[in-house]
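Throughout the sequence shown, residue numbering follows UniProt numbering, covering 1 to 153 in sequence.
Where a beta carbon is used, it is the ideal one built from N, C-alpha and C, also for glycine.
As the structure is a prediction and not an experimental result, all values here were calculated from the model.
See below for the structure under consideration.
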Amino acid sequence: MSKDLKILCKDPALELSCYRDHQFSGSKFQQEKLLKESSTLNMGNLSFYTTEEKIHELFSRSDIRNIFMGLDKIKKTACGFCFVECHNRADAENAMWFLTGTCLDEWIIRTDWDIGFREGQQYGHGKSEGQVRDEFREDFHSGRGGFGRQTQI
Ligand code: GTA
Numbered sequence: 001m002s003k004d005l006k007i008l009c010k011d012p013a014l015e016l017s018c019y020r021d022h023q024f025s026g027s028k029f030q031q032e033k034l035l036k037e038s039s040t041l042n043m044g045n046l047s048f049y050t051t052e053e054k055i056h057e058l059f060s061r062s063d064i065r066n067i068f069m070g071l072d073k074i075k076k077t078a079c080g081f082c083f084v085e086c087h088n089r090a091d092a093e094n095a096m097w098f099l100t101g102t103c104l105d106e107w108i109i110r111t112d113w114d115i116g117f118r119e120g121q122q123y124g125h126g127k128s129e130g131q132v133r134d135e136f137r138e139d140f141h142s143g144r145g146g147f148g149r150q151t152q153i
C-alpha cells in the first residue's frame, strides 16, 4: 500500500494516544513499537463499582486471554481502570474499535493501547494509592469515590 493510501486508511479509533508509561525503562521509540504491536488494552474512566464479570460480559464478542482490574494499592478495591489481554493484535483492534466510547455502568469508558501487562501495574500510582488522575479531579462523582483526593485534604 502507498504511504498516502495508508494515511487515508488510518482509523482514528486505533491510533496511539499521547499517554506514555513513564515507568517504562526503554526508549520512547521502543515503547511506541510495543504499543503498535500490542494486543493489550488499557480501559479507563470505569466506575469503581464495575466488576471483572461486567468487563467479561462487555468482551463477550471477543476471545480474551486475561483481565487485570486496577486496584487501590492498600485497600485492594477497584479504582477505575483495568487491562484486557487479547489473543492477538487483530482481536485487540476489533475490541478497541467496538468499545471506544461505550457506556458501562453509566460511565463512558476510555480505551487505550498498553505495552503489555507487567506485575504491579494493576495498582494506582497516586499518593493516596488510587489513580493519579483521580487526585487532580475537582468535581464530585459518587461512582469514582466522591471528590478527587487532593481536594479532600
Ligand atoms: N495504556 O492512558 C493510559 C493509562 N493511564 C492513565 C494509566 N495507565 C494507563 N495505561 C495506558 N494508557 O501504571 C496505567 C499505567 C499505570 C496504571 C495506574 O494504569 O500502567 P496511574 O494514573 O495511577 O499512574 O495509573 P500513571 O499512569 O503512572 O500516572 P501519570 O502518568 O503521572 O498520570 C496519569 C494521568 O493522570 C495523566 O495522563 C493525566 O490525565 C492525569 N494527570 C497527571 N498529572 C496531572 C496533573 N498535575 N493535573 C491533572 N491531571 C494530571
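Item                                                                                          : Value
Between the CA atoms of F147 and D114 - distance to the nearest angstrom                      : 27 angstroms
Residue from G126, S142, E106, Y19 with nearest C-alpha to L41                                : Y19
DSSP beta-bridge partners of I64                                                              : C86
Own chain, CB closer than 6 angstroms to H125, minus 5 neighbours either side, in chain order : V132
Reference S142; option with closest CA among C79, E119, N94                                   : C79
DSSP three-state assignment for L104, whether helix, strand or coil                           : strand
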